[in-house]
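One structure is given below, encoded as structure tokens.
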Amino acid sequence: MIYLDNAATSWPKPESVLEATSRCLRDVGASSGRSAHRWAQQAERIRLDAREAVAELFGVSDPMRVVFTLNATTAINIVLFGLLRAGDDVVTSDMEHNAVARPLHALAERGVSVSVVPCGLDGALDAGAVEQHLRPNTRLVVINHASNVCGTVQPVREIAARLRPRGIPMLVDAAQTGGCWPVDLATDGIDLLAFSGHKGLLGPTGVGGLAIADGFDVGFLPPLVYGGTGSRSDEEIQPDVLPDKYEAGTPNLVGLAGLAASVRYVLGRGVREIREHEQRVTRRLLNGLAEIPGLRVFGAGDHERQTAVVAFTTEACSVSDAASRLDEDFGILCRAGLHCAPHAHRTLGTFPHGAIRFSAGAFTTIGDAEHALKAVAHLAAMRHG
Amino acid sequence: MVESAVILVHTTSHAVAAERVLRQAGLQVKLVPTPRHLSSDCGMAVRILAGEQSACQRALEVAGVLYDRMETIV
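Chains as they are written, first to last, in this note's numbering: chain A, 1200 to 1584; chain B, 776 to 849.
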């Protein structure tokens, strides 16, 4: 079996993640933030381990500015619904995932104007085009760091440099880049970074979060969810202190135990090493697909400009049939369709039928890629052979 | 009896962060439920030696760990 669906969630997880989650379930029978006994203390230390690891990974000097949520989508919703009001303008791209597109659609119905910057056929966004879409009432720019459909990576640092003189904050959706592409809030000039814990960060599902740049004032960003935090229990007002401000409700401690271990794995192996490994696999996939007749590959088509996500279609059959055949006949697990990103497929010219997506990960081998290419060649030959 | 002090914090995350910093600095530290007679934002507090309050203050400031205040207890 070959797993090529790492853009949905990564597999396998490092052994240390399995051990950490198991240990948490067996030995730490408490909730973090709720009591002060020894198990509660241990639970809180686990949560701090995860916070410190993520802060180190993303270049945030204060770990309390890493806020944990269920997933990147929730983190994105905190920012969009917290910052944007009727009369505000928000600038985004036409390569966004529904995690951004749907909240913006809902906000548009509430009087927020949404300016969509068109990307090229390769899915790439031009920083100058973003600047041209800014208006006096632009309150936020929200950009998908890398497309979950075709892997194209956007120039967030260049965009940030153009926003800084105007004081417009930027939210980056790093669901596809965290852990496998260098992301540093301070260096890149990112104000708010939504991350997924279970993709490139290699943790369990059910954890994600929001990393907040050291200088960003959260006074104007109200919580999305209100409730118990274990702090200021005598007051009905949600605490204004990070991280509790955005962490109401019992956290996913088991997930955070896994995340702490997985991010330590990523830091130990090195984002650069993981990136280079994935580049090699991506290059092999792109070169191999280019040689197969009857295929169309979408996106940048350049392993230097994309993550390990490759989208293609074949004349031989529908994308859904192809995915089924790849699974049932060849043991290759991938995702076909619209990938929760219809706007991106429109931009790439693959709407409404979608594409077949191979997404490699930190543990995908060149041999896996070779096997997948042989399977695709076999499928394509059904018509051309 | 050795006089103690407690560091009162805003959140449990800050309590364990303070514990980690102080332990790394070689200071005596123990997480405890916040004493009932002290008003605090958080149910978890950090007990230290009263004589090490200044050292704790310095260590927390250097590490950038925020806290509410310190109180001496008997």
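Where a beta carbon is used, it is the ideal one built from N, C-alpha and C, also for glycine.
- N1276 of chain A is bridged by DSSP to nothing; it lacks a bridge partner.
- Between T1386 of chain A and G1258 of chain A the beta-carbon gap is near 6 Å, inside 8 Å, which marks them as a contact.
- In this structure, DSSP gives I1565 of chain A a helical state, which the three-state scheme calls helix.
- With a threshold of 16 other beta carbon atoms within 10 Å, T787 of chain B meets it and is buried.
- Within the same chain, A1326 come within 6 Å of P1354 of chain A by CB-CB distance, once the 5 residues on both sides are set aside.
- Apart from the 5 residues on each side of it in sequence, E1446 of chain A sits with its Cβ closer than 7 Å to the Cβ of V1266, F1267 and T1428 in its chain, given in chain order.
- Under the Cβ criterion of 9 Å, V1253 of chain A is not counted among the residues facing chain B.
- The beta carbon of D1226 of chain A does not come within 9 Å of any beta carbon belonging to chain B, so the residue lies off that interface.
- Runs of the alpha helix (DSSP H) spanning 4 or more residues and lying entirely within the stretch 1460 to 1537 of chain A occur at 1470 to 1489 and 1518 to 1529, in chain order.
- Using a Cβ-Cβ distance cut-off of 8 Å, the stretch 1295 to 1311 of chain A and the stretch 1435 to 1443 of chain A are not in contact, since fewer than three pairs of beta carbons, one from each stretch, lie closer than that value.
- Not one beta carbon of chain A lies nearer than 9 Å to the beta carbon of H812 of chain B.
- By the criterion of a C-beta distance shorter than 8 Å, V1480 of chain A is surrounded in its chain by A1507, A1559, T1563, T1564, I1565, D1567 and A1568, once the five residues flanking it on both sides are discounted.
- Chain B places no beta carbon closer than 9 Å to that of E1514 of chain A, leaving this residue out of the contacts.
- In the same chain as V1470 of chain A, and ignoring 5 residues on each side of it, the C-beta atoms closer than 6 Å to its own belong to P1381, in chain order.
- For the stretch 784 to 801 of chain B, the beta-carbon criterion of a distance under 9 Å to any beta-carbon of chain A is satisfied by V784, H785, T786, T787, S788, H789, A790, V791, A792, E794 and R795.
- H1538 of chain A and F1511 of chain A have their C-alpha atoms spaced approximately 13 Å apart.
- With a minimum length of 4 residues, the unbroken runs of alpha helix (DSSP H) contained wholly in the stretch 1374 to 1416 of chain A fall at 1384 to 1387.
- The C-beta of A1323 of chain A comes no closer than 9 Å to any C-beta of chain B.
- Boundaries cannot be given for V840 of chain B, as no beta strand (DSSP E) includes it and DSSP labels it neither H nor E.
- Scanning its chain for C-beta atoms nearer than 6 Å, with the 5 sequence neighbours on each side dropped, one finds around S1209 of chain A the residues K1398, L1401 and G1560, in chain order.
- Contacts with chain A at 9 Å (Cβ-Cβ) do not include G826 of chain B.
- The shortest CA-to-CA distance from I1389 of chain A to any of A:E1255, A:A1307 and A:E1357 is the one to A:E1357.
- With a beta-carbon spacing of about 7 Å, I1367 of chain A and L1333 of chain A fall inside the 8 Å limit used to define contacts.
- DSSP, read as helix, strand or coil, puts K805 of chain B in strand.
- Listed as beta-bridge partners of I1201 of chain A by DSSP are A:I1531.
- In the structure shown, the three-state DSSP call for I1436 of chain A is coil.
- Taking 9 Å as the CB threshold, Q1353 of chain A stays off the interface with chain B.
- Counting only the Cα atoms, G1500 of chain A lies some 17 Å from V1575 of chain A.
- Taken through DSSP and simplified to helix, strand or coil, F1267 of chain A comes out as strand.
- For the beta strand (DSSP E) assignment, the uninterrupted runs of no fewer than 3 residues enclosed by the stretch 1317 to 1368 of chain A are, from N- to C-terminal side, 1337 to 1343.
- Put simply, the backbone Cα of A780 of chain B is about 34 Å away from that of R1463 of chain A.
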